[in-house]
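Okay, so here's the structure we're looking at.
Protein chains: 4
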Amino acid sequence: MTLQSGKIIRAGIVGASGYGGGELIRLLGGHPHVQVARLAGESKSGSRIVDLFPHLNSPGVLEKVSDKEVWTDVEIVFFALPAGQSFHLVRRYIDQGTVVIDLGPDYRLGDPSLYQKIYGIEHGAPELLPQAVYGLPEWNGPRLEKTQLVACPGCFPTGALLGILPFLRAHLVHRTSIVVDGKSGITGAGRGLTLETHFPEIAEGTQAYKVLDHRHVPEMEQAMGEHGGGRVAFVPHLVPYNRGILSTIYMTLTAQATQESIDRIVDEAYKDSPFIRRVPSPPNTMSVRGTNNVLVYSRVREDRLVVLTAIDNLVRGASGQAIQAMNRIFGFGETEGLGYGALFP
Amino acid sequence: MTLQSGKIIRAGIVGASGYGGGELIRLLGGHPHVQVARLAGESKSGSRIVDLFPHLNSPGVLEKVSDKEVWTDVEIVFFALPAGQSFHLVRRYIDQGTVVIDLGPDYRLGDPSLYQKIYGIEHGAPELLPQAVYGLPEWNGPRLEKTQLVACPGCFPTGALLGILPFLRAHLVHRTSIVVDGKSGITGAGRGLTLETHFPEIAEGTQAYKVLDHRHVPEMEQAMGEHGGGRVAFVPHLVPYNRGILSTIYMTLTAQATQESIDRIVDEAYKDSPFIRRVPSPPNTMSVRGTNNVLVYSRVREDRLVVLTAIDNLVRGASGQAIQAMNRIFGFGETEGLGYGALFP
Amino acid sequence: MTLQSGKIIRAGIVGASGYGGGELIRLLGGHPHVQVARLAGESKSGSRIVDLFPHLNSPGVLEKVSDKEVWTDVEIVFFALPAGQSFHLVRRYIDQGTVVIDLGPDYRLGDPSLYQKIYGIEHGAPELLPQAVYGLPEWNGPRLEKTQLVACPGCFPTGALLGILPFLRAHLVHRTSIVVDGKSGITGAGRGLTLETHFPEIAEGTQAYKVLDHRHVPEMEQAMGEHGGGRVAFVPHLVPYNRGILSTIYMTLTAQATQESIDRIVDEAYKDSPFIRRVPSPPNTMSVRGTNNVLVYSRVREDRLVVLTAIDNLVRGASGQAIQAMNRIFGFGETEGLGYGALFP
Amino acid sequence: MTLQSGKIIRAGIVGASGYGGGELIRLLGGHPHVQVARLAGESKSGSRIVDLFPHLNSPGVLEKVSDKEVWTDVEIVFFALPAGQSFHLVRRYIDQGTVVIDLGPDYRLGDPSLYQKIYGIEHGAPELLPQAVYGLPEWNGPRLEKTQLVACPGCFPTGALLGILPFLRAHLVHRTSIVVDGKSGITGAGRGLTLETHFPEIAEGTQAYKVLDHRHVPEMEQAMGEHGGGRVAFVPHLVPYNRGILSTIYMTLTAQATQESIDRIVDEAYKDSPFIRRVPSPPNTMSVRGTNNVLVYSRVREDRLVVLTAIDNLVRGASGQAIQAMNRIFGFGETEGLGYGALFP
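Residue numbers (this note's numbering), protein chains in the order written: chain A, 1 to 345; chain B, 1001 to 1345; chain C, 2001 to 2345; chain D, 3001 to 3345.
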C-alpha cells in the first residue's frame, strides 16, 4: 500500500452487532489512523450502537447489510459474519479496490472443496482464494503487506499455531502425534443464545465440545502444511470466564533437547514481534486480557514437550489480529491502536 | 500549576505491588504526558514488576520505600499504602514541592480525631489536612486544580456520592434516610490473602461485611456535609467478579418529582464531565470495566427514588480518579490516559 | 390429611423441564415417602429426563401437559408453570381431591384484580383463591396443614419476609420505610434463553432490573398485611453465581433496642423451625446451597436495623419449600427429603 | 469385616478443618450406619465446627491431633492430612485394629524410595505399605473388602485412571503416548491461602501448573502397571469454579475400532458400578457436583481415541470415594450415604 502513514483511513464494519464487531469498534475507536465511518448489521440493523454495546458511547446506528450497494467512501471493510454470508459482497469490495479483512472462515481454506465439506456450503468466490492471505502476521507478514484480502485465523488456530509452528519448522517434533487441548472463555461461542451458554448451565463447571471434530482442525493442518505438515488431535472446551484461550500443546521430540534450546527456538521465532513474549512460568489468560498480546511457555521433560499459549480470543483471536493485519497493509506501526496493557485482574 | 501541557512529567509510585499500584503502572504507561520513573514497595521491594504483574512487560524492579531519602527527580508521587504508613514521607514530598496524590485514607477526613477513632491510629500530619483536597473531580474540580495534596476518595464513597450529591444539592431528598447498598468485585478487598477472598469461599455466592460499620461512611457523610448534610445506612457486599462497584442508592423524595425532572438533575450535574453518562436502563458494571467512566441510572416511583451508579473500583474508585486529579492539577486534558473503551464482555 | 406417615404417596409434576422442575425431581427422588410417578412438560414433552437433566439418571420421558386428561393415579401434583397457564387444570385436580402445590404466582395474591393488574392476565380461577394458603411454613404452618391448595411464595418474598415479619409483628420498625435489596443467582431468571442471562453478558459484573417495579412487591406487602402492614422499596439484582438469594433488609427502629433484644426476636420467631438458624456473622449464600435452610443475621446501630437472610432460591425459594409444605399436609416429618447438608464450597 | 450391616459404627476424622474434612462431616452426617464421634485438627484445634464450616450446624469442637493418645472408641479413622504427618499415628490405629482410610498420599505408592523422591520425605511406616490397598473401588474392590488400611487415590488419578484402565486392560491403546489434560476446580488446591487461589488472580482466567511435573503421575503409572503398564504426559489446570475435574484423555489406538466397540468396553468395565455411567455427549462437571458419580464419554476418530471423565474432586476425588471404600469394608450397601443427586445447576 502506498498510503501515507500519517493519513486517516476510513473503515467500515459489516456484522457489527456481535462480540467481534464490538471489539473492532472499541479498538478502532482508539486507533490514531482510522475513523470508523460505516457500520452494518443483519438482524440488528436499525439498532443504535449504544443499545447493542452499552459500554460504547457511540452515536451511530447500524445500517442494513446490502448486497446491492457497497460503501464507496471507505478504504477498508472488516467482515464479521458467519460462514457463507458475504461471498458476493466481498467480491464487490475487492473489485472496487477496497481492502477486505474477513474475520469469518470463508477465505481461510485454500481448497474450496474442503471448505464445502467442512462448512456444508458451496464456496461462492473460489476465484478470490488465491489472493487471500492467512492473517497470522508473525508468520505471513511479508505476504500480508501486499494483499488486498485477509482471511483472519480462527481463535483456536491462532493460539495453537503460534505454539506449534516454531517446532515444526525446526523439525524437532513428531508431526503426527500433536495434541492440542483448547480452553476458551465463553465469548468464543459468540453472542447468539444457546442453552450451552446460558449462564447457569456453564458457570460452575466445564465441558468439552466437538471432540476430535472441530472445524478449526483443517485450518490448523493447512497452516502446518507450509512448515512440513502435521496432524493434530484437538479438543476444545468451554471454561467459565469471558475472554481468553489457553492452548495446551503436547508434542513428542524427535531428538533430545534441553530446556534452553527449546526456549531459544521460541525466542528466535518471535524476536521481532512486539506482541509475543516467552514467559518463565505457565501464563494465566488474564495476563493478556483485552490485548493482542501472546504469552508462550514451554516445558521439556525427557521426550515430551508441552507448549502453552495464552491469548485473548476476541482480540488476538479475532479483532486485534485483524487490526494488526491492517496495520501491516497500510504501513502503520504494528502496535498502533493495540498498545493497551492487559486488564489484570 | 504552570507546567506546559506538552511537557512530560516524571512520576513515582509508592506502594506499587498491590492492585491499585498495578493499575497506576498500566494507566500511566499509556499517558502521553507522564513517564513512570520510580517505583517503590514495602514487603515486595526487590521484586521485578513483571513478576508482580505478569501482564505488564515492565523492566523495572521495586525500590524499597524509604523514610530517609525522598525522590527528587519526580514532579508527582502517588501513594498507594494502607492507613498511617506514610505521614512522614508525604510531609517531606509536600515540603520539597512535589505533588502528592494519596490513594489511601490518611487525608480524606478533615478532623484528625475522627481519623483516630475510625482508623485506630493517631494522625501523624494533621497540619497537612487543611490543604488536602478530596479528589472527586466533578465536585471539587476548581479546588483540585490549585492543590498540591490530593486525598483520593474511597471506592464506595466515589460510587455513592456521585449518585447522592446531585439530589442533596437540589434539596430533593430526605437527608437522614438514605440507604446505600454497595456491591463490589473482589479486587476491592485488595491483594492480601484472606480466607474470605480465597476463591472457593466466595466464588459461588455472595456475602455482606462490616454491616453498618464500614470506614467509608464518615467519609461519605463528610462530603455530604458540603451539600447540606445527610446520613447514610451503608452495607457493603463482596460479589464474585473481579472489578466493579454497583451502588444501589435508596432515597425518599421531599416533594413530588417526575422521572424527567430527576433525569434532568443528573444530566445537569454532569453535563461537563467526559466520564459520567446517564443511561436509560440499569447499568451493568461490565460496561465500565477498565475505565474511569461512570454510568448513572435513576428511577422514581411515588415518593421513592432509586439511583444506581456503576464504576470500576480500581480505576474510577482508585487509580483512574487519581490520574484524573493529576490531569486537572497539571492542566492536561481531563481524559488524557483515560480514554480507553470498556472491556465488555 | 389422614394418610399414614409410613405410606408412600405418588406425585406428579407439571412443568418439569425448568430448574424448579429439575429440583423437584432431584429432591423427591430422595424422599422416603414419595414416588415421582408422572412428569409432564409443554415445549419439551417427549424429551427424556436424562437429556433435559444430565445429572439425573432418570429413565422417564416427559408427557405432554393435557387439559383434557388429568392424572388419577397421584395424590399430589406440583405445578411449575408460568403465570396463567394452568387455571383449568388446577381446578380439575382440586375437584377430584388431589393436593395441588403451585410454584407459580397464580394463587399468591388474594385479590384477582390485583393479579390482573400485575400479571396482565385475567385470573381464571378466582373461586379457588379463598382456599389457597400462602406456603410460608414457619408463618402459615397450621393453615397449611389443612389445605388442598398451596401457593408457594416467590423466591424474593421468601427471603424478604422471613427477615421482616418478626419485626413487623413485634411493632419494632417503621412500616413504610423498609428497603429490601435482593441479590439473586442467575437460576432465578429461569432456564429460558435471554441476552441478559447469556454467560458473557453477566458473568463478570452485576446488574439491577425491574427497579421499584418487581411483581414480587405486592406479594410481600400482602403477607406483611397480616402482621400490621407495611411498604417495601425493592430492587432485585442478578449476581454471577448459580444459586442463592441474599436479601439485605434495611429497617428503622421505632424505639431503642439492643442487639441482644433483636437477636432474641429472631430466635423466638424461629425456635421451632428445623431449617432457620440465626448466625453471628453475615452469611454467605453458599452456606445454604442446595438446601431448604435459611440463615438470618441482624445488626443494630442507633435507630438502624439491618437484617440479612440467605436462602437457596431453587430450594427454599421454590422446590424445597414446596416439599416442606407437602410434608406438613401429609403429616410427614418436616425435614423428610430435605435433610441434606449444604454444598459449601 | 464381620460387622453386621445394621449396626452403627463410630468414626473419627483427623484433619477435619480442610475441604476434605468438611465433606466427610457433611456426607457421613447423612450416612445411616455411621456416627461421626471424634474430630481432630492441627492448627484449628479448639475451633467449633460451625465456625470452620458455617454450612454445617454441628455442635462439635475440634480436638487437637495427638501422637500420644489414640481414640479407642471408634471403629474407623479417616485421615485428611498432608504428606508425612501421620505415620506414627496411623501405625497405632492399625495396631489396635481400627480401620484407617487415608485421604493423603502416604500409602499410595508401594515403593518407599519413590515416595521419598516425590514427596521429599522419608517414609515413616514402610512396613504398612504391603497391606495398604489403593482405594479405587471399581478396580480394587475385592482387595478393598479385606483390608484394614486404604490409600485413597488422588483426585486427578481417580479421573484419569477410570478413563484409561478399561482400554489398557483391553490392550487397545499405545501405552506410551497417553496424554491427560486435567481441569480442576479451585477447591482442588485446598483451603490454604495462596496468591494463585486468591479470587482476583484466577477468577476470570485459567492457568496450568506443575507442567509435566505433578506428583500424581507416579501414582497413575503405578496403577497402570497392574494392567500392562503405560506412561502419561499430564498437565493439570486450575479452572475458575469450585468443584469438579474434567479429564481429557488422548490415546492412540493400536488397531481399528468402531465407536460401538469402544462404548462397549466402557459399559462392560462399569456394568456393576452404581456410580459410573457412560454418556452420549461430553459431560459437564456440574452434572456430578456434590456426588460420587462419574460420567464417561468416548470418541473415536481414525486412530485417535479421546475419553472424557467428569468427577467431583472433593467427593469422588476424595471424601466420597473414601466412604465408598468404607462401605465395602464394612459390608454396607455401596451407595449408602452417597445416593444424593447432583447439584445442577
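We put the CB at the ideal spot given by N, CA and C, even for glycine.
Computed from a predicted structure; not experimentally measured.
Neighbourhood of residue i by C-beta distance below 7 Å, restricted to the same chain and skipping five residues each side
i	result
T3002 (chain D)	For T3002 (chain D), the pLDDT reaches just 49, beneath the cut-off of 50, and the residue's location in the model is therefore unreliable, although a value from the coordinates is still provided. Closer than 7 Å at the Cβ level, and outside the excluded window around T3002 (chain D), lies no residue.
P1126 (chain B)	P1112
I3094 (chain D)	V3100, L3128, Q3148, L3149
Y3340 (chain D)	G3290, T3291
K134 (chain A)	The sequence given here places Tyr at residue 134 (chain A); Lys does not occur at that position. R108, N140, A151, P153, A223, listed in sequence order.
Residues of its chain near residue i, where Cβ-Cβ distance is below 6 Å and the 5 sequence neighbours each way are ignored
i	result
S3017 (chain D)	G3041, K3044, L3052
K64 (chain A)	S45
G20 (chain A)	A80, L103, A318, S319
Short CB-CB distance (under 8 Å) between residue i and chain C
i	result
N1242 (chain B)	yes
A203 (chain A)	yes
Y1250 (chain B)	yes
P1282 (chain B)	yes
F53 (chain A)	no
M1001 (chain B)	Per-residue confidence for M1001 (chain B) stands at a pLDDT of 49, beneath the threshold of 50, marking its modelled position as unreliable; no derived number is given.
G3029 (chain D)	yes
T285 (chain A)	no
R1316 (chain B)	no
L1246 (chain B)	yes
R3278 (chain D)	no
V3034 (chain D)	no
CB contact check: residue i to chain A, cutoff 8 Å
i	result
F1344 (chain B)	yes
T2291 (chain C)	no
L2103 (chain C)	no
Chain F contact for residue i (CB, 8 Å cutoff)
i	result
Y3019 (chain D)	Considering every chain present, this structure includes no chain F. Its protein chains are A, B, C and D.
Contact under 8 Å by Cβ, residue i with residue j
i	j	result
G3185 (chain D)	G3244 (chain D)	yes
P1142 (chain B)	A1223 (chain B)	no
G1337 (chain B)	V1034 (chain B)	yes
L2246 (chain C)	A2189 (chain C)	no
G2182 (chain C)	G3290 (chain D)	no
F1234 (chain B)	H1214 (chain B)	yes
H2123 (chain C)	Q2131 (chain C)	no
A1203 (chain B)	A3203 (chain D)	yes
K1307 (chain B)	V1296 (chain B)	It should be pointed out that residue 1307 (chain B) corresponds to Val in this sequence rather than to Lys. Yes. Within cutoff.
8 Å Cβ cutoff, residue i in contact with chain B
i	result
Y270 (chain A)	no
R26 (chain A)	yes
Y350 (chain A)	The requested residue 350 (chain A) does not occur in the structure, where chain A is confined to residues 1 to 345.
Residue-chain proximity (residue i, chain D), Cβ-Cβ < 8 Å
i	result
P200 (chain A)	yes
V425 (chain A)	Outside the shown range of chain A (1 to 345) lies residue 425 (chain A), about which nothing can therefore be said.
Any non-hydrogen atom of the ligand COA within 7 Å of residue i CB
i	result
P3130 (chain D)	This structure lacks the ligand COA, and indeed carries no ligand of any kind.
Close Cβ partners of residue i (< 8 Å) along its chain, the five nearest in sequence each way excluded
i	result
Q2096 (chain C)	V2070, T2072
A83 (chain A)	G104, P105, D106, Y119, I121
Discussion item. Can you pull out the residues from the region 3171-3193 of chain D whose beta carbon lies closer than 9 Å to at least one beta carbon of chain A?
Written reply: S3177, V3179, D3181, K3183, G3185
Worksheet item: Where in the region 2203-2254 of chain C do unbroken runs of the alpha helix (DSSP H), each at least 4 residues long, occur, reported from the N-terminal end onward?
Response: 2216-2225
Item to complete: Pull out every residue of the region 3202-3234 of chain D whose Cβ sits closer than 8 Å to any Cβ of chain A, in chain order.
Response: Residues of the region 3202-3234 of chain D with a C-beta less than 8 Å from any C-beta of chain A: I3202, A3203, E3204, G3205, T3206, Q3207, A3208, Y3209, V3211, L3212, D3213, A3233, listed in chain order.
Worksheet item: Closer than 8 Å, Cβ to any Cβ of chain C: which residues of the region 3050-3082 of chain D, in chain order?
Response: F3053, P3054, H3055, L3056, N3057
Discussion item. Which runs of the alpha helix (DSSP H) at least 4 residues long sit entirely within the region 2027-2061 of chain C? Give them in chain order.
Written reply: For the region 2027-2061 of chain C, whole alpha helix (DSSP H) runs of length 4 or above, ordered along the chain, are 2049-2052.
Worksheet item: When you check each C-beta in the region 1295-1310 of chain B against every C-beta of chain C, which residues fall closer than 7 Å?
Response: R1299, R1301, R1304, V1306, L1308
Worksheet item: Using a Cβ cut-off of 9 Å, which residues of the region 1086-1117 of chain B contact any Cβ in chain C, in chain order?
Response: none
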